[in-house]
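J.:
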Amino acid sequence: LDASDKLDEGDIITQQFGIAPQLAALEMLVHPKDENLLAQLPSFILAPTKGFSFSKKDNPPMVLFIWGRKRVLPVNITSMNVTETEFST
Numbered sequence: 096l097d098a099s100d101k102l103d104e105g106d107i108i109t110q111q112f113g114i115a116p117q118l119a120a121l122e123m124l125v126h127p128k129d130e131n132l133l134a135q136l137p138s139f140i141l142a143p144t145k146g147f148s149f150s151k152k153d154n155p156p157m158v159l160f161i162w163g164r165k166r167v168l169p170v171n172i173t174s175m176n177v178t179e180t181e182f183s184t
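Residue numbers (the working numbering): 96 to 184.
If you want it as C-alpha cells, here you go:
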C-alpha cells in the first residue's frame with residue numbers, strides 16, 4: 096500500500112488519514128463479520144439473559160483470491176501483520 100500518488104494529487108482524505116482506510120479494509124477481512132461491538136448490540140438489547148448471543152464466531156467473511164480469469168480460490172486469512180515505516184521528506 097502506498098499513499099504517495101494520492102498525496103501528490105492533493106487528496107484531502109489521504110493527507111488526513113494516510114493509508115488507514117485501506118488498512119481498515121484489510122482488517123475487516125481478518126475478523127469475522129459479527130465480532131465487533133456494534134454487531135453484538137442487538138444481542139444485548141433483545142436478549143439480556145446470560146448465555147444467549149446472535150454472534151457467530153464461525154462466520155468469517157468470504158474472501159476470494161482471483162488469480163486470472165479462470166482461477167478463483169477461496170482463502171481464509173487467519174492473521175495479518177502490518178509494518179509501518181514513516182519517511183520524512
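Glycine included, every Cβ here is placed at the ideal spot set by N, Cα and C. In this text, all values refer to a predicted model and were calculated from it rather than measured experimentally.
Between which two residues does the beta strand (DSSP E) holding PHE160 run?
T.: Numbered from its first residue, the sequence shown carries residue 160 at position 65. Element bounds for PHE160: 158 to 161.
J.: Given VAL177, which residues of its chain have a CB within under 7 Å of its CB, disregarding the five upstream and five downstream residues?
T.: Translated into positions along the sequence shown, residue 177 becomes position 82. Correct list, in chain order: LEU118.
J.: Could you pull the DSSP bridge partners for PRO169 from this structure?
T.: Residue numbering aside, residue 169 sits at position 74 when the sequence shown is read from its first letter. LEU159.
J.: With a threshold of 16 other CB atoms inside 10 Å of the CB of THR180, please say whether the residue is buried or exposed.
T.: On the sequence shown, residue 180 is found 85 positions in, with the first residue counted as 1. That one is exposed.
J.: For ALA120 and ASN171, I'd like the C-alpha separation in whole angstroms.
T.: Taking the sequence shown and counting its residues from 1, one reaches residue 120 at position 25. Taking the sequence shown and counting its residues from 1, one reaches residue 171 at position 76. Distance between the alpha carbons of ALA120 and ASN171 is about 15 Å.
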